[in-house]
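Line order of the protein sequences matches chains A and B.
Note that our numbering numbers the first sequence so that position 68 is 60, with each residue one more than the last.
Note that our numbering numbers the second sequence so that position 253 is 245, with each residue one more than the last.
Idealized CB from N, CA, C, for every residue including glycine.
Structure first, then comments.
2 protein chains.
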Amino acid sequence: MALGIGDDAALVNPSPNSQLVVATDTLVESVHFPVDASAEQIATRALCVNLSDMAAMGATPRWFTLALTLEKADAPWLAGFSRGLAQVAAEFDIALIGGDTTAGPLTISLTLIGEVPMGETLPRGGAKVGDSIYVTGTLGDGAAALSLLMSNDKDGSSDSERLLTRFYRPHPQIQVGIKLRGIANACVDISDGLLADLAHLCRASAVSANLISERLPIHPDVKRSSPLLCLDWALFGGDDYQLCFTVPHDNCTTINQWIELGELDATMIGQIQPLEGDKFPIRVDNVATELKRGFDHFDD
Amino acid sequence: MALGIGDDAALVNPSPNSQLVVATDTLVESVHFPVDASAEQIATRALCVNLSDMAAMGATPRWFTLALTLEKADAPWLAGFSRGLAQVAAEFDIALIGGDTTAGPLTISLTLIGEVPMGETLPRGGAKVGDSIYVTGTLGDGAAALSLLMSNDKDGSSDSERLLTRFYRPHPQIQVGIKLRGIANACVDISDGLLADLAHLCRASAVSANLISERLPIHPDVKRSSPLLCLDWALFGGDDYQLCFTVPHDNCTTINQWIELGELDATMIGQIQPLEGDKFPIRVDNVATELKRGFDHFDD
């Protein structure tokens, strides 16, 4: 950073021949996290959610600003919040370059700025008929975590712990996004649910998609603990923060090799098909599927 | 803009050989504006306040993101807010590239990104002993407007109208900031009050300042309506959003010529002097001056 916090604004040096990627996300108490979330959990979740937008663009995150509104300056709370923020910032090598703290109801708004070499971003609108559809990691963890958080049935088991960690510290797929530059045709992150976000991708690309349900990568713990709900969670549940991307036929060999070698944690789950005036652009096992809203509030 | 709202993030192209200037500001209802402010007034004030930070850095503003939290989606309110935002964005040729709207108590957080040619920014810490201190426009208008807003004594006179317009639509000194590149040694915008912000500049530059009270440019209307308070307002009052800058001796001729030709609306108000272990870095008419906090809340 050329000039830090304290001046009227921050001054930073962008890399030559790069484009800037800018994403803003706001988290409000009882909407985006429960009131009993710790300051550290809130901070890590806020930053990881925003980093996931960078991953979906194939961007390298560089800088962020923080607008923090909170009822009163509470030293232990602020220490926890700063610790959470610092941990994630260090892990992803990003710098906090400015911000504003104001008095008011707890709200966290982050703006991240990343970079991508000129012309190498992963757009939503680039999917082509014949592309294979892949998804990273496992699906349904976000919805399972939400269900756990809202049930107040946190039993302290290793499965519960895994899900809560996944919720408060989703793992932004930055390295995957960077790896996919020049390989994938289109990409989104799954924050609203696989079907909702894949539908965004399809609309932006003017194509449709067919998914193969038995290929959906659902975590074995989620499958075992919720055999009836897990497919629903995988398709409609939000908060997974995995990447869904489409790959042209010629590049699938590369992707499949990476998967076999353990260099990429992803699964092929379907194909991009022509749009034939469908009301709903997504089919699952060749059946048109209505979209549900994969979204929940903590104040219901 | 290379790619607009709707993707996971916005994609923009920075100018070659430029540095990025990034500023974040948050406005909260009843803290930064009264509850009876219109949506349009809130929007114009939020954006103008943030643009003023760009002006102080000598930056050309380019893009901004908006994080808007509001109780409920109210179509007339949103229409007014959008209208205010669009007017200011058009006037300063900046593009809204992203944002996030969430449910919650009314809070507006803006992040502006500007550009400045490599190495030509106006830092706070660049003032040198012997520099002349200048201020743009007039002082005390912000404090007079605050006083008017808090007194509920809006009489609809042309003076009241001028002050309210100044409050809700401060005029960011973008063109002055750009004009001062390579001419001024240091610059701040006056949002917390002349003395408070000049003290920031002095501390960052390790210098002190002496101001000449009779040179302070107080608007004749403010002088006439509040002869006892106006000097206090000019020195300590916030919300003026003028620029205070320091100019090395060799460049004062240029500045003074611009002022004479009407190309720059600014006044020389004092000199930068050595720091001699002073507790307070600012003197007025050679008398050390304690800083007051030039800040008011609307919920008092």
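Under DSSP, the beta-bridge partners assigned to residue 93 of chain A are A:60.
Looking at the DSSP output, residue 87 of chain A bridges to A:55. Annotation for residue 249 of chain B: the continuous alpha helix (DSSP H) segment containing it runs 241 to 252.
The alpha-carbon separation between residue 8 of chain A and residue 8 of chain B amounts to approximately 7 Å.
Taking each of B:71, B:63, B:70 and B:222 in turn and checking the Cα distance to residue 134 of chain B, the smallest one comes out for B:222.
Here the alpha carbon of residue 227 of chain B sits roughly 41 Å from the alpha carbon of residue 32 of chain A.
Residue contact check for residue 232 of chain B against chain A: no CB pair falls below 9 Å. Comparing alpha carbon positions, the residue from A:218, A:19, A:47 and A:247 closest to residue 164 of chain A is A:47.
As the crow flies, the alpha-carbon of residue 2 of chain B is around 10 Å from that of residue 115 of chain A. Within chain A, the residues placing a beta-carbon under 7 Å from that of residue 46 of chain B are 1, ordered along the chain.
Think of a sphere of 9 Å around the beta carbon of residue 55 of chain B: the chain A residues whose beta carbon falls inside it are 12 and 14, in chain order. Contact annotation: in the stretch 193 to 213 of chain A, residues whose CB is within less than 8 Å of a CB in chain B are 196. Comparing alpha-carbon positions, the option among A:167, A:138, A:78 and A:278 lying closest to residue 266 of chain A turns out to be A:278. Residue-level contact by beta carbon holds for residue 17 of chain B and chain A, with a gap shorter than 9 Å. 89, 90, 91, 92, 94, 95, 96, 97 and 99: these are the residues of the stretch 69 to 100 of chain A whose beta carbon lies less than 7 Å from some beta carbon of chain B, given in chain order. The three-state secondary structure of residue 275 of chain A, taken from DSSP, is strand. Assignment of residue 11 of chain B by DSSP, reduced to helix, strand and coil, places it in the strand class. Under the 9 Å criterion on CB atoms, residue 188 of chain A is classed as non-interfacial with respect to chain B. Distance from the CA atom of residue 72 of chain A to the CA atom of residue 66 of chain A, rounded to whole angstroms, is 10 Å. Residue 86 of chain B sits away from residue 14 of chain B, with the two beta carbons spaced by 9 Å or more. Counting C-beta pairs closer than 8 Å gives fewer than three between the stretch 239 to 253 of chain B and the stretch 209 to 225 of chain B, which falls short of the contact rule.
In summary, the residues of the stretch 115 to 146 of chain A whose CB is separated from some CB of chain B by less than 9 Å are 115, 116 and 117, in the order they occur in the chain. At a cut-off of 9 Å between beta carbons, residue 163 of chain B makes no contact with chain A. Sequence-distant Cβ neighbours of residue 215 of chain B in its own chain, meaning closer than 7 Å and more than five residues away, are 222. Residue 24 of chain B has a beta carbon lying within less than 9 Å of a beta carbon in chain A.
Secondary structure of residue 263 of chain A (DSSP, three-state): strand. Note that the stretch 156 to 173 of chain B touches the stretch 50 to 61 of chain B; at least 3 beta-carbon pairs, one per stretch, sit closer than 8 Å.
Going by DSSP, residue 136 of chain A is part of the alpha helix (DSSP H) stretching over 133 to 143. DSSP places residue 109 of chain B in the strand class (E or B) of the three-state scheme. Residue pairing by DSSP places residue 202 of chain A opposite A:263 and A:275 in a beta bridge. The CB of residue 4 of chain B comes closer than 9 Å to the CB of 11, 12, 13 and 14 in chain A, given here in chain order. In this structure, A:120 is the residue among A:111, A:120 and A:168 with its C-alpha nearest to the C-alpha of residue 194 of chain A. Contact between residue 58 of chain A and residue 91 of chain A holds, with the beta-carbon distance rounding to 4 Å and staying under 8 Å.
Collapsing the DSSP output to three states places residue 160 of chain A in a helix. Residue-level contact check: residue 251 of chain B does not touch chain A, since none of the beta carbons of chain A fall below 9 Å from its beta carbon.
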